[in-house]
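These notes concern the structure reproduced below.
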Amino acid sequence: MTAAVDAGRLPGMRTAAPTVFVATPDGLAVVDTIAVERAVNGERKGWSLTRDEARIVADLILSRGLPPTLAAVRAGVNWATLCEWFPDVVASAVEGKARPGERRRPDRSPVKCGTRRGYDRHKRRKERVCERCRAAYALAYRYYRAHGTYIGAPELTDTNMAVAA
Numbered sequence: 002m003t004a005a006v007d008a009g010r011l012p013g014m015r016t017a018a019p020t021v022f023v024a025t026p027d028g029l030a031v032v033d034t035i036a037v038e039r040a041v042n043g044e045r046k047g048w049s050l051t052r053d054e055a056r057i058v059a060d061l062i063l064s065r066g067l068p069p070t071l072a073a074v075r076a077g078v079n080w081a082t083l084c085e086w087f088p089d090v091v092a093s094a095v096e097g098k099a100r101p102g103e104r105r106r107p108d109r110s111p112v113k114c115g116t117r118r119g120y121d122r123h124k125r126r127k128e129r130v131c132e133r134c135r136a137a138y139a140l141a142y143r144y145y146r147a148h149g150t151y152i153g154a155p156e157l158t159d160t161n162m163a164v165a166a
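Residue numbers for the sequence shown follow our numbering, beginning at 2 and rising by one.
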């Protein structure tokens, strides 16, 4: 494999036997080590793991210090299952909301024309969208396509009005 393909792989994940028996609290489990290896390296597309295999995948990912969200995605389990399996490593969603500090509140400032929120208001009210709101939405959507989020999207000004149109 090339270095670009190997960059996303975890080091040391090579299997010696395709299938092994693992002792679990529920009894013996048959584990497909090739499936586990592929899931750990992010190559699980279109197929699922057994519960025992998913737990092994999550454990391998978390033991390497990678984020729990990556473990949940690659193992194909939800956050509650991850919290149940690894309560000392993964904080539950309820505990995560209880952290100190200010909660982020939605922006409740008045909606103005010439903004993406103004465009959304026109659409919600089933009104005809004004040109300033249409240009602001086009500018914000262009940013969204490039970055995958509206956070940090440029605001419409007189200087970029001509560019957005």
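Note that the Cβ used here is the ideal one computed from N, Cα and C, for glycine as well.
Since the structure is predicted, the reported quantities are computational estimates derived from the model, not experimental observations.
Would you mind reading off the limits of the alpha helix (DSSP H) that contains residue i?
{"i": "V32", "result": "No alpha helix (DSSP H) contains V32, which is instead part of the beta strand (DSSP E) from 28-33."}
{"i": "W86", "result": "80-86"}
{"i": "P69", "result": "69-76"}
{"i": "I62", "result": "52-64"}
{"i": "E132", "result": "132-148"}
Could you please give me the residues that DSSP links to residue i through a beta bridge?
{"i": "T25", "result": "G28"}
{"i": "T116", "result": "Partner(s): none; T116 has no beta bridge."}
{"i": "T20", "result": "D33"}
So, at 6 Å on beta carbons, what are the nonlocal neighbours of residue i in its own chain, with the 5 sequence-adjacent residues on each side left out?
{"i": "V37", "result": "E54, I57, V58"}
{"i": "R117", "result": "A137, Y138, A141"}
{"i": "L29", "result": "F22"}
Please identify the residue among the options whose C-alpha is closest to the C-alpha of residue i.
{"i": "Y142", "options": "V90, L157, C131", "result": "L157"}
{"i": "G115", "options": "R126, T82, L140", "result": "L140"}
{"i": "V32", "options": "T20, G119, P26, D60", "result": "T20"}
{"i": "V74", "options": "T150, W48, D89", "result": "W48"}
{"i": "D27", "options": "R52, E44, G43", "result": "R52"}
{"i": "H91", "options": "R122, P111, L67, S110", "result": "Per the sequence shown, residue 91 should be read as Val rather than His. Cα-wise, what sits closest to V91 is L67."}
{"i": "Y144", "options": "C134, P155, R135", "result": "P155"}
Can you give me the Cβ contacts of residue i inside the same chain, cut-off strictly under 8 Å, excluding the 5 residues immediately before and after it?
{"i": "L71", "result": "I62"}
{"i": "I152", "result": "none"}
{"i": "N79", "result": "A73"}
{"i": "F87", "result": "A59, D60, L63, P69"}
{"i": "R135", "result": "Y120"}
Can you list, in chain order, the residues of its chain whose CB lies under 7 Å from that of residue i, leaving out five sequence neighbours each side?
{"i": "A40", "result": "L50, V58, R75, A76"}
{"i": "R146", "result": "none"}
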